[in-house]
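Student:
Protein chains: 2
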Amino acid sequence: MRFLGYFRSSSAYRCRIAFNLKGLEYDFESVHLKSGKHKSADFAAVNPQKLVPALITDDGQELYQSLAIIEWLDETYGGARLIPADKDLRAQVRAFAQVIACEIHPLQNLRVLQYLRSDLGLGEDAVNAWLARWLGDGLQACEDILAKRGDATAYCFGDEPGLADICLVPQVFSAERFNVDISHLTRINAIYEQCQSNPAFAAAHPKAQPDFEA
Amino acid sequence: MRFLGYFRSSSAYRCRIAFNLKGLEYDFESVHLKSGKHKSADFAAVNPQKLVPALITDDGQELYQSLAIIEWLDETYGGARLIPADKDLRAQVRAFAQVIACEIHPLQNLRVLQYLRSDLGLGEDAVNAWLARWLGDGLQACEDILAKRGDATAYCFGDEPGLADICLVPQVFSAERFNVDISHLTRINAIYEQCQSNPAFAAAHPKAQPDFEA
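Quick mapping for you: the protein sequence lines, in order, are chains A and B.
By full-length UniProt numbering, the letter at position 118 of the first sequence is numbered 118, and the numbering carries on one by one without gaps.
By full-length UniProt numbering, the letter at position 42 of the second sequence is numbered 42, and the numbering carries on one by one without gaps.
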C-alpha cells in the first residue's frame, strides 16, 4: 500500500493510528501541504478532492477520506478490530467519530484558517477565538457523549482502542497545538493520556513522522 | 421510531430520503432550530451534541449523526440497499458522502453562519463569498470524482440511488438556497434532476415537511 499524507494533517494522523493498531505496513509519500503539493495534477489524479490523505491499495485502488479508508482497512485486513462487530455499538462509535470529522475538524483545517487570515483578514486573536469556539464546543460534546455512556473506560468505547480514539487523539493534539484549553474535560484527557502510552498511537504522532518540520 | 429533525436541516433531509428509499415509517418530531429548541435539556438528553437529527429506535436507542443513522438503518432493515455490498465500492460511496458531510456542509450550517454574521460581523456579501467558496469548491470536487468514475449513470454510483445521492441532493438544495452558481456542473445537475423525479426524494424535500416555514 502507498499512503499519501502529511505529518500535521489530522486525517492522515487518524490513518496512521489505524495502520499501527492493525499492524499494517505501508509506503509513505509526503504531500507537502504548505507548498501546495496537494493541488498538483499528479495528486489530483489520485484524489480529485485535492486533500490528504489518500491510499493506493495493493491492487491499485485509489481511496480517500480518512473514515472511509479506515472502514475499508478494517473490512479488508485482520488484526485488531477498529469498528465494533455489534451494529448498535457500531452506530455509537461512528457517530462519535463523525462529531469530530464532520463538526470539529472541518472548521480548523488549513484551508479554512488560511481563508480566515487571508480572505477575511482576521488577526490572531479572532482566529484563536474561532478555534476556541469550535474545538471547545466540539470536544465538550465529546466529553458529554462519553459521560452519558456511564462509567469511564480506558478507551472511549471500552478497554480496547478503536475508531473513536483514532479520531479523538489527533483532535486533542490540535487543541494543544492551537492552545485551546480543555483541561476541564477530565474523561477526554484521561483517554488521551492512555493513548499516548500505547505504542500504536505514539508511533503515529506527527513528531515521529519522516516529514516532520518543527 | 421517533425521528427528531427540522425541515431545513441538510442532515435531517438526508435521513428522510433514507427512510423513504427503504420504505420505513417514523414518527416525526420537529426541533425548531431558529428558536434554539435543540439546546433544550430534553433534546440534549437524547443527543448531547445538541444538533439535529436524532433517532430514537423502537428498542429505545438514541442515535445521532446522519451518516451513522443511515448506516444503522441499512444494517437493520431490509428494503433498498443504500450502501453497496461490495467493500471496494462501499469505500468509494462513503468517501463521496464524506466529501459532503465532512468538507462542505460543516462550513454552511446554521451555527457557523450565525458566527460569521454575529461574532465576526460579516455583511451579506462576505457571507455569500464564504458560501460560494466552500460550496463551489466542494461540489466541483464531487463533479470531478464522478467524472473520474467514467461514463455517467442515472445516480452517482449506478442505476439505483444510495448514500451518495442521499448526501448530494440536500447539498445541491443548499447551493440553490444560497444562490451559489453550479450550473456548469453538468453531471451533478443531471443526477439532481433524476432524484427530483424520484418520489422517495420528492417526499423528503424540505417544502414537503409538516414543520416547513417559508
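In this text, a Cβ means the ideal position worked out from N, Cα and C, and glycines have one as well.
1) Output the boundary residues of the alpha helix (DSSP H) element that contains residue 129(A).
2) State yes or no: is the beta carbon of residue 196(A) nearer than 7 Å to at least one beta carbon in chain B?
3) Starting from residue 56(A), follow the beta strand (DSSP E) in both directions and report where the run begins and ends.
4) Chain A partners of residue 76(B), CB-CB under 7 Å?
5) Show which residues of chain A have a CB atom less than 9 Å away from the CB atom of residue 65(B).
6) Round the Cβ separation of residue 148(B) and residue 72(A) to the nearest angstrom and send it over; I've been treating them as touching at under 8 Å.
7) Note down the Cα distance separating residue 96(A) from residue 195(A), rounded to an integer number of angstroms.
8) Specify, as a first and last residue, the run of the beta strand (DSSP E) that residue 2(A) falls within.
9) When you compare only the Cα positions, how much space is there between residue 31(A) and residue 42(A)?
10) I'd like to confirm the pairing. Which residues does DSSP put opposite residue 62(A) in its beta bridges?
11) According to DSSP, simplified to helix, strand and coil, what is residue 236(A)?
12) Between the Cα of residue 101(B) and the Cα atoms of 68(A), 34(A) and 79(A), which residue gives the shortest distance?
13) Under 8 Å Cβ to Cβ from residue 99(A), same chain only, skipping five residues before and after it: list those, please.
14) Which partner residues of residue 155(B) appear in the DSSP bridge assignment?
15) Since residue 108(B) meets chain A, which of its residues come closer than 9 Å, beta carbon to beta carbon?
16) From this set, 19(B), 107(B), 3(B) and 136(B), which residue's C-alpha is nearest residue 179(B)'s C-alpha?
17) Determine, using beta carbons only, whether residue 202(A) and residue 21(A) come nearer to each other than 7 Å.
18) By alpha-carbon positions, which one of 4(A), 57(A), 107(A) and 183(A) ends up nearest to residue 44(A)?
19) Here's the rule I'm using: 16 or more other beta-carbon atoms within 10 Å means buried, otherwise exposed. How should residue 91(A) be labelled?
20) So, is the C-beta of residue 114(B) closer than 7 Å to a C-beta in chain A?
21) With a threshold of 7 Å between beta-carbons, can residue 145(B) be considered close to chain A, or not?
22) Taking the alpha helix (DSSP H) that residue 15(A) belongs to, which residues open and close that run?
23) Considering only the beta carbon of each residue, do residue 74(A) and residue 1(A) sit closer than 7 Å?
24) Could you have a look at residue 111(A) and say whether DSSP puts it in helix, strand or coil?
25) Decide if residue 9(A) is buried, meaning its Cβ has at least 16 other Cβ atoms within 10 Å, or exposed.
26) For residue 123(A), count neighbouring C-beta atoms within 10 Å of its own C-beta (all shown protein chains included) and say buried if the count is 16 or more, exposed if not.
27) Would you please verify whether the beta carbon of residue 210(B) is less than 7 Å from any beta carbon of chain A?
28) Output needed for residue 15(B): all residues of its chain with C-beta closer than 6 Å, excluding positions within five of it in sequence on either side, in chain order.
29) Can you pull the chain B residues whose beta carbon is under 8 Å from the beta carbon of residue 71(A), in chain order?
30) Pick helix, strand or coil for residue 200(B), following the three-state DSSP scheme.
31) Counting only the same chain and skipping the five closest in sequence on each side, list residues whose C-beta sits under 6 Å from that of residue 132(B).
32) Thinking residue 182(A) and residue 82(A) are a contact (beta carbons under 8 Å), I'd like their distance in whole angstroms, please.
33) Should residue 35(A) go down as buried or exposed, given a rule of 16 or more other Cβ atoms within 10 Å for buried?
34) Helix, strand or coil, according to DSSP, for residue 99(B) in the structure here?
35) For residue 171(B) and residue 209(B), I'd like the C-alpha separation in whole angstroms.
Tutor: Judging by the given coordinates:
1) 124 to 149
2) no
3) 54 to 56
4) 87
5) 91, 94, 95, 96, 97, 98, 99, 102 and 103
6) About 18 Å separates the two Cβ atoms, so there is no contact after all.
7) 17 Å
8) 2 to 5
9) 11 Å
10) 56(A)
11) No answer is possible for residue 236(A): it lies beyond the span of chain A, which begins at 1 and ends at 214.
12) 68(A)
13) 138, 141, 142 and 145
14) 158(B)
15) Correct list: empty, because the minimum Cβ distance to chain A is about 10 Å.
16) 136(B)
17) no
18) 4(A)
19) buried
20) no
21) yes
22) 10 to 22
23) no
24) helix
25) buried
26) exposed
27) no
28) 53, 66 and 69
29) 90, 91 and 94
30) helix
31) 180
32) Wrong, their Cβ atoms sit about 24 Å apart, outside the cutoff.
33) exposed
34) helix
35) 17 Å
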